[in-house]
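Asker:
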Amino acid sequence: MLTSRAPRRQVMAGMAGMGLFSLTEGCRRTPRCLTCGMTLDLTSRWYAEVTAAGHTDGFDTPKCALRRLLTPGAPAGTLTVRGYYRQEKLPGERVVFAAGSDVLGPMGADLVPVEPEHAVKFRVEHHAAKTLPLAELTLALVEAT
-3 MLTSRAPRRQ VMAGMAGMGL FSLTEGCRRT PRCLTCGMTL DLTSRWYAEV
47 TAAGHTDGFD TPKCALRRLL TPGAPAGTLT VRGYYRQEKL PGERVVFAAG
97 SDVLGPMGAD LVPVEPEHAV KFRVEHHAAK TLPLAELTLA LVEAT
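For the sequence shown, my numbering gives the first residue as -3, with consecutive numbering after it.
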């Protein structure tokens, strides 16, 4: 048992310091989707990015990224997604987006980015209603999916 006040104060100060350290560890900001607020998993097959005005933002699904990109008044930007089959990061212009398929994202129905050479295969295997290039997507279509 500690009898002197000095060692007791040191022990108490050390415990308080550990408590503050653990609080700051718990308060670290986890990256979240700017559209829906869901925690981001940077390794997810659904992770997408929009780069605009020199800044890159992450999104939990292509649908959330497209909502941001196609919103009127949003700065023009570029979209990066993972292709469904090879899981490589690709510019949004180099994939087609499958709508109405049986493939669900983390938040349900989504626009699935598919490499163009696999578009027909995906439509047949996953019953997609249609596949569209990025240039043909509208905010209304994204919201309806």
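Glycine included, each C-beta is placed from N, C-alpha and C at the ideal position. The structure presented is a predicted model; accordingly, all values stated were derived computationally and were not measured.
Which ranges would you report for the alpha helix (DSSP H) in the stretch 54 to 130 if only whole runs of at least 4 residues count?
Answerer: 58 to 66, 115 to 122
Asker: Tell whether a beta-carbon distance below 8 angstroms holds between GLY73 and THR47.
Answerer: Your numbering for residue 73 matches position 77 in the sequence shown. Your numbering for residue 47 matches position 51 in the sequence shown. Judged by their CB atoms, GLY73 and THR47 are nearer to each other than the 8 angstroms cut-off.
Asker: Flag this pair as touching only if the stretch 55 to 70 and the stretch 36 to 46 have three or more C-beta atom pairs under 8 angstroms; answer yes or no.
Answerer: yes
Asker: I'd like to check one pair, THR127 with VAL92: are the Cβ atoms closer than 8 angstroms?
Answerer: On the sequence shown, residue 92 is found 96 positions in, with the first residue counted as 1. On the sequence shown, residue 127 is found 131 positions in, with the first residue counted as 1. Cβ atoms of VAL92 and THR127: closer than 8 angstroms.
Asker: So ARG28 packs on THR35, CB below 8 angstroms; how close in whole Å?
Answerer: The residue given as residue 28 occupies position 32 in the sequence shown. The residue given as residue 35 occupies position 39 in the sequence shown. At roughly 6 angstroms, the Cβ-Cβ gap stays under 8 angstroms, so ARG28 and THR35 are in contact.
Asker: Which stretch, first to last residue, makes up the alpha helix (DSSP H) that contains GLU45?
Answerer: Residue 45 sits at position 49 when you count from the first residue of the sequence shown. Run containing GLU45: none in the alpha helix (DSSP H); it sits in the beta strand (DSSP E), 44 to 48.
Asker: How far does the alpha helix (DSSP H) with GLU139 in it extend, from its first residue to its last?
Answerer: Counting from one through the sequence shown, the residue named residue 139 turns up at place 143. 135 to 140 is the extent of the alpha helix (DSSP H) around GLU139.
Asker: So PHE118 and ALA124 are in contact, right, with Cβ under 8 angstroms, and what is the actual spacing, rounded?
Answerer: Start at 1 with the first residue of the sequence shown, and residue 118 comes out as number 122. Start at 1 with the first residue of the sequence shown, and residue 124 comes out as number 128. At roughly 6 angstroms, the Cβ-Cβ gap stays under 8 angstroms, so PHE118 and ALA124 are in contact.
Asker: What residues in its chain sit with their C-beta under 7 angstroms from that of PRO71, if we drop five residues either side in the sequence?
Answerer: One-based indexing of the sequence shown puts residue 71 at position 75. Excluding residues within five positions, the ones whose Cβ falls inside 7 angstroms are ALA48, ALA49.
Asker: Under 7 angstroms Cβ to Cβ from ARG41, same chain only, skipping five residues before and after it: list those, please.
Answerer: By one-based count along the sequence shown, residue 41 stands at place 45. Cβ within range, chain order: ARG78, GLN83.
Asker: Who are the Cβ neighbours of ALA105 in its own chain at under 7 angstroms, not counting the five residues just before and after it?
Answerer: Residue 105 sits at position 109 when you count from the first residue of the sequence shown. Excluding positions up to five away in sequence, the list reads THR141.
Asker: If we ignore side chains and look at the alpha-carbon of each, how far apart do LEU66 and LEU137 end up?
Answerer: Numbered from 1 along the sequence shown, position 70 holds the residue referred to as residue 66. Numbered from 1 along the sequence shown, position 141 holds the residue referred to as residue 137. Taking the straight line from one Cα to the other gives about 10 angstroms.
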